[in-house]
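Residue numbers (my numbering): 1308 to 1516.
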Amino acid sequence: MPEQHSTTAMGWLPAWADLQERPFESAGSGFSVGGGGGTEYVAAWPDPGAEQLMSRISSEPGARLTLVCADADTAAGLAPAGLSLAAHSILLMAPAAELDVDAGLPDTSQVAQAPMETYDAVEITVFDRPVAKGRIQVRDGFAVVAITELPEGPEQEGFQRAMFAAMAEEAFLHGAEYLHMMVPPADAPRYEGSGWTIAGHLLTFEKQR
């Protein structure tokens, strides 16, 4: 994996915050992300800067700390003193070139993109009816994506491939070689083997009640 796209580089995080329409700024060696009822501090682990951010959680109501770990073993044993685990997400990563494939959509379908304030919306319609939706944001050579709506049934896989293909093309146009995506741990296995690999674990902690 190229060094500039490593998990610990955290270069994908500004695009991730944009995708969620959340303001962000640097906080030491990590970031602070607003919205969601309180500040979320995000840092790589292990990193001295992450330890400094831990001290802020106890003094800021509603603040949370998200640590990005490169492997599952580190994530499993991580429990900062005084903090409890509130959420766990998987960071997936895939070369855009491997996802830019023909999904074989029916002739009645159409893929469209529309620029929003902090991301581009991607939509697939069939007979002008929306059936799949997603988001992509490319910033500083990093592309982060999310699929927000898919149809149920056997056609779901094809529409999902088409969404990723459209996002991969958008990433290429803006100079991003990789797509990043956050998913729940239970969903990660179904993406592996289709071009995606696990690049890290995001563990969110909050002050123990």
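Idealized CB from N, CA, C, for every residue including glycine.
Identify, in the order they occur along the chain, each residue of the same chain with its Cβ nearer than 6 Å to the Cβ of residue i, setting aside the five sequence neighbours on each side.
i, result
"Gly1448", "Gly1482 and Ala1483"
"Gln1417", "Thr1432"
"Met1308", "Because Met1308 carries a pLDDT of 35, less than 50, the predicted location of this residue cannot be relied on, and the following value inherits that uncertainty. None."
"Thr1315", "Low confidence applies to Thr1315: its pLDDT is 44, below 50, so where it sits in the model is not reliable enough to give any reading."
"Ala1401", "Leu1486, Gly1502 and Trp1503"
"Glu1511", "Sequence check: residue 1511 is Thr here, not Glu. Result list for Thr1511: Arg1371, Thr1373, Ala1393 and Ala1394, in chain order."
"Ala1473", "Val1418 and Val1429"
"Phe1479", "Ala1403"
Quick one: measure Cβ to Cβ for residue i and residue j, integer angstroms, because I've assumed they're closer than 8 Å.
i, j, result
"Gln1517", "Asp1427", "The chain is shown only over 1308 to 1516; residue 1517 falls outside these bounds and no answer can be derived."
"Asp1517", "Ser1365", "Nothing can be reported for residue 1517: it is not among the residues displayed for the chain, which extend from 1308 to 1516."
"Pro1330", "Gly1318", "Wrong, their Cβ atoms sit about 18 Å apart, outside the cutoff."
"Gln1515", "Leu1390", "6 Å"
Quick one: residues in its chain with C-beta nearer than 7 Å to the C-beta of residue i, no 5 flanking neighbours on either side, listed in chain order?
i, result
"Ile1454", "Gly1441, Gln1467 and Met1470"
"Ala1357", "Gly1337, Ala1350, Ala1351 and Leu1374"
"Gln1463", "Leu1457"
Indicate whether residue i and residue j have their beta-carbon atoms separated by less than 8 Å.
i, j, result
"Val1429", "Ala1322", "no"
"Val1451", "Leu1326", "yes"
"His1508", "Ile1397", "yes"
"Ala1506", "Leu1406", "no"
"Thr1425", "Glu1328", "yes"
Between residue i and residue j, what straight-line distance do the alpha-carbon atoms span, to the nearest angstrom?
i, j, result
"Gly1384", "Cys1376", "11 Å"
"Tyr1498", "Ala1403", "14 Å"
"Pro1249", "Val1438", "Because the chain here runs from 1308 to 1516, residue 1249 falls outside it and cannot be looked at."
"Ala1388", "Ala1334", "21 Å"
"Arg1363", "Gly1344", "16 Å"
"Gly1500", "Asp1409", "17 Å"
"Asp1435", "Leu1360", "48 Å"
"Glu1347", "Asp1380", "23 Å"
"Leu1320", "Ser1339", "10 Å"
Going along the chain, which residues of its own chain have a beta-carbon closer than 8 Å to the beta-carbon of residue i, five neighbours each way excluded?
i, result
"Gly1411", "Gly1465"
How about residue i: is its C-beta nearer than 8 Å to some C-beta of chain C?
i, result
"Ala1357", "Within the model displayed, chain C is absent; a lone protein chain is all it includes."
Any heavy atom of the ligand GDP inside 7 Å of the beta-carbon of residue i?
i, result
"Arg1329", "The ligand GDP is absent from the structure shown, which contains no ligands of any kind."
Ranges of the beta strand (DSSP E) found wholly within the stretch 1413 to 1488, counting only runs of at least 3:
Whole beta strand (DSSP E) segments, 3+ residues: 1416 to 1422, 1427 to 1433, 1436 to 1446 and 1449 to 1456.
In chain order, which continuous runs of the alpha helix (DSSP H) of length 4 or greater are located wholly inside the stretch 1312 to 1339?
1320 to 1326
Counting only runs of 3+ residues fully inside the stretch 1342 to 1384, write out the beta strand (DSSP E) ranges in chain order.
1347 to 1352 and 1371 to 1376
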